[in-house]
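Below is one structure, written out as structure tokens; the observations come after it.
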Amino acid sequence: MASTPELLLLAVVLWFVATDHHVSSREPRNDQEVMEDLMAHLQFPNNITPQSWNKNNDKCEWENVECDDSTSRVSGIHIGNLSLGGTLPDTLGNLTYLKTLEVMDNHIGGALPDFGGQLTILETLNLSNNNFTAIPPEFFSGMASLVTVSLDNNPLAPWNLSSASLTDSGNLVTFSAANCSLSGTIPGIFSGETFTNLQNLNLSLNNLTGELPRRFSSLTSLVTLQLNDQTGYGLGGTLDFLQGMTELTQVWLQNNTFSGQIPDGLSSLEDFRANMNLLTGPVPVSMAKDPLRVVNLANNLLQGPPPMFGDQVLVDSGMYTKGNNSFCSTNPGDRCGPQVDILLDIASHFRYPVVLASSWKGNNSCSLNPKWAGVTCDGGGNITALNFTHFSLSGTISPAISSLTELRNLSLANNNLTGPIPEELSGLKHLQMLDVSYNNGLCGSVPNSLANVTVSIGNANIAQDCPRSPPASTLHRNSSYSQP
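In case it helps, mature numbering (1 follows the signal peptide of the UniProt record, and there is no 0) puts the sequence shown at residues -25 to -1, 1 to 459.
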């Protein structure tokens, strides 16, 4: 058994070892030591450190470093575009007076620092165009003063916006995270309630999917929006969210799966790019007016007359090429034929579905190449039948169907249609069969004037008054009868 003096000597040795270890690994205690730690983590071109970056110099004398006049605390680090390598240390979180951190356009790599929620007055964070490989969870935690963020062009491991704690950064004006491995959906925090001042949002060149959050349209301060070029299926849903964003001047949505119509009334747009989507319906006439300067709508399923833009607008002429869209002509400004106009009115009540727009191309609705889906004609070019059974249609039945005066058969069965059967259908003197079965949102009475027409209804709400809103749930029924 060791004697007391030996134990005492061992304790002293262990104390010295522990003390030496503590001193060598302790965290920097002040801004000077933090900046020296940053210098140690960075790799300078040709291993030549800037002359002013010297431990013998006060950090406020270092080139590209700003300090607060009253406290001598570091308030700004501007080391962008200096061909720097290395990494950024977590100790930067101790610079609690830091307002600007700019390290863009370098070769800095490794994981982004965990700032520990301490950079509460940071306003500008530019980390773009580097080699950062990971972003910590809750990276933006505590950054309540952030105004401008850029993470563009970094090979980060896949991450999502939901885990980044952006809710603390309600003062954001610009948020740019293009080409930095974002995945998943855009979270509901992207709303006017969270970001009242957000003017510029760039999430392009990532792997985002799904529809935009319900309150995205409340970002009414947005001036520029870039969601283009998502890999895989991309972002989808309609463009209805744009309607409330009256300040938008630039919108890039290309290479996604957005569908439906282009909203009317986007009167501030200067640059609109939505090529490579599934947009349908006519291009709003208002889009061709000032101040528009750039437009690209190629490779969609847009319908109706091909829009004509002024000489001041740079247009991708590919949008008019046959097969690129579903316009009734390839010549800007041409009008559609009367029968095509009627069919487009019918499609509008179904919200211009892709299932129709994908084949309703050109100005001849009786064409066999391509064959217009659901349309049958006689030898004289008159439409005699519309068969939209199992087309997954929603919306209402258009009264314009009554303008197809030679129509004999109309089948709208097995869809999701709502509202009444239009009284105007009674004007179809040649109609022999009407099938609206399995559309449980249909309501009201079958027009009495269809007495000689075989009508298949099979809907729970037929013969009942139409409610103000579609019924929440109904039971399937099917019947076929000749109306007495």
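A virtual CB, placed ideally from N, CA and C, is assigned to each residue, including glycine.
Residue i, DSSP secondary structure in three states
i, result
"K346", "strand"
"P188", "coil"
"D12", "helix"
"I432", "coil"
"T142", "helix"
"V(-3)", "Caution applies to V(-3), whose pLDDT of 36 falls short of 50 and renders its modelled position unreliable; the value that the coordinates give is listed next. Residue state, collapsed to three classes: helix."
"C35", "helix"
"P442", "coil"
"G163", "coil"
"E398", "helix"
"residue 461", "Since the first residue shown for the chain is -25 and the last is 459, residue 461 is missing from the structure and cannot be characterised."
"N390", "coil"
"H53", "strand"
"T199", "strand"
"D239", "coil"
"S323", "helix"
"A360", "strand"
"D246", "strand"
"D65", "helix"
"H451", "Per-residue confidence for H451 stands at a pLDDT of 33, beneath the threshold of 50, marking its modelled position as unreliable; the derived number appears in the next sentence. Here H451 sits in coil by DSSP."
"residue 463", "Because residue 463 is not part of the residues shown, which for the chain are -25 to 459, the question remains open."
"V329", "helix"
"L217", "helix"
"S369", "strand"
"V411", "coil"
"N177", "strand"
"S158", "strand"
"Q458", "In this prediction, Q458 scores a pLDDT of 33, lower than 50, which makes its location untrustworthy; the coordinate-derived value is nonetheless stated afterwards. In the structure shown, Q458 sits in coil (DSSP, three-state: anything other than H, G, I, E or B)."
"L136", "helix"
"V315", "helix"
Whole-Å CB distance - residue i paired with residue j, under 8 angstroms assumed
i, j, result
"N252", "N271", "With 8 angstroms as the limit, N252 and N271 do not qualify as a contact, their Cβ atoms being about 11 angstroms apart."
"L87", "P111", "6 angstroms"
"Q236", "T221", "Not a contact, Cβ separation roughly 18 angstroms."
"G293", "N299", "6 angstroms"
"L100", "P64", "Incorrect: roughly 16 angstroms between the Cβ atoms, too far for contact."
"D215", "P238", "6 angstroms"
"L178", "L202", "6 angstroms"
"Q229", "A249", "6 angstroms"
"F114", "A139", "5 angstroms"
"P328", "K336", "The Cβ separation is near 15 angstroms, so there is no contact."
Under 8 angstroms between C-beta atoms of residue i and residue j
i, j, result
"S431", "S401", "no"
"Q278", "S261", "no"
"N414", "L392", "yes"
"P130", "T108", "yes"
"N390", "L368", "yes"
"L94", "L73", "yes"
"N56", "D80", "yes"
"L176", "L210", "no"
"L223", "V258", "no"
"I96", "G61", "no"
"Y191", "F165", "The sequence shown places Phe at residue 191, not Tyr. Taking 8 angstroms as the Cβ cut-off, F191 and F165 qualify as a contacting pair."
"V122", "L147", "yes"
"S151", "S116", "no"
"L136", "G167", "no"
"residue 468", "H324", "A query on residue 468 cannot be resolved here, the shown segment of the chain reaching from -25 to 459 and no further."
"G349", "N339", "no"
"L387", "D353", "no"
"L417", "S377", "no"
"N39", "V78", "no"
"L180", "D204", "yes"
"L382", "I358", "yes"
"V428", "L406", "yes"
"Q18", "L67", "no"
"G212", "E186", "yes"
Short CB-CB distance (under 8 angstroms) between residue i and chain D
i, result
"P281", "No chain D appears in the structure shown, which is made up of a single protein chain."
beta-carbon residue i near the ligand ATP non-hydrogen atom, thresh 7 angstroms
i, result
"N22", "Absence of the ligand ATP is noted for the structure shown, with no ligands found whatsoever."
Give a yes or no on contact between the segment 271 to 284 and the segment 238 to 245, applying the rule of three or more CB pairs nearer than 8 angstroms.
The segment 271 to 284, when compared against the segment 238 to 245, does not touch it at the 8 angstroms Cβ threshold.
Would you call the segment 313 to 321 in contact with the segment 282 to 291, where contact means no fewer than 3 C-beta pairs closer than 8 angstroms?
Segments in contact, no.
When the Cβ atoms of the segment 46 to 53 are set against those of the segment 22 to 29, are three or more pairs found closer than 8 angstroms?
Judged by Cβ distances under 8 angstroms, the segment 46 to 53 makes no contact with the segment 22 to 29, as fewer than three pairs qualify.
At 3 residues or longer, what runs of the beta strand (DSSP E) sit wholly inside the segment 251 to 300?
Segments of the beta strand (DSSP E) lying fully in the segment 251 to 300: 253 to 256, 269 to 271, 276 to 279.
Could I get the ranges of all uninterrupted beta strand (DSSP E) runs contained in the segment 65 to 126, with 3 residues as the minimum, in chain order?
Fully enclosed beta strand (DSSP E) runs of 3 or longer: 75 to 77, 84 to 86, 99 to 101, 106 to 109, 123 to 125.
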